[in-house]
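Undergrad: One structure, pasted below without further comment.
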Amino acid sequence: METQSLPSDFLPIVFQVIVALGFAVVTLVATHLVGPARKTSDKLSTFEAGVKMIGNARQPFSIKYFLVAILFVLFDVEVIFMYPWAVNFRELGWPGIIEMFIFMGTLLLGFIYIIKKKALDWD
C-alpha cells in the first residue's frame, strides 16, 4: 500500500529554502549597509586582470575561436556518454560493444569531417 505525502512532510524543504533565500538577502543588504560607499574614478573604471583598457571592447573576434569552443563542447559532451558504458561494460555484453563501436565510428566520422574542412586550422 502506498502512503500519501502530507504537506507537513515538505516543511524541512520549505524551511531550507527560506533559510537559503534569507541568507542571500541578508548578506546582500549587509554588504551595502556596512561596506564603504566611496565612489572614486579608480573604483568606477574598468579593471581586467591589472591591464589598462585600450580601445573598444566591442572588437570582432575571429569565428575560429567560437568554432573551436563549440567543437570542444560537442566532443566533450559526447565523450561523457562513454563513462556509463564503461561502468556497465560487463552487463551490456556484445550488443553494448557493437553499439559503442557504432557511436565511436560516428564520432570519428565527425572528427574526420572537421579535419577535412580545416575547421581547426588557425591560418
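In this text, residue positions in the sequence shown follow my numbering: the first is 1, and each later residue adds one. In this text, a Cβ means the ideal position worked out from N, Cα and C, and glycines have one as well.
1. With a threshold of 8 Å between beta-carbons, can LEU28 be considered close to chain C, or not?
2. Would you check if the stretch 96 to 105 and the stretch 36 to 46 touch, i.e. whether three or more CB-CB distances between them fall below 8 Å?
3. Note down the Cα distance separating GLN4 from VAL79, rounded to an integer number of angstroms.
4. Does the stretch 111 to 120 come close enough to the stretch 64 to 73 that 3 or more CB-CB pairs lie under 8 Å?
5. Mind listing, in chain order, the continuous alpha helix (DSSP H) runs of no fewer than 4 residues lying wholly within the stretch 54 to 119?
6. Report the three-state DSSP secondary structure of LYS39 (helix, strand or coil).
7. Would LEU92 and TRP85 qualify as a contact pair, given that the criterion is a beta-carbon distance under 8 Å?
8. Taking the alpha-carbon positions, what's the VAL87 to PHE81 distance?
TA: In this structure, then:
1. Absent from the structure is chain C; it holds one protein chain and no more.
2. No, the stretch 36 to 46 is not in contact with the stretch 96 to 105.
3. 41 Å
4. In short, these stretches touch, since the Cβ pair count reaches three.
5. 63 to 80, 82 to 87, 89 to 116
6. coil
7. yes
8. 11 Å
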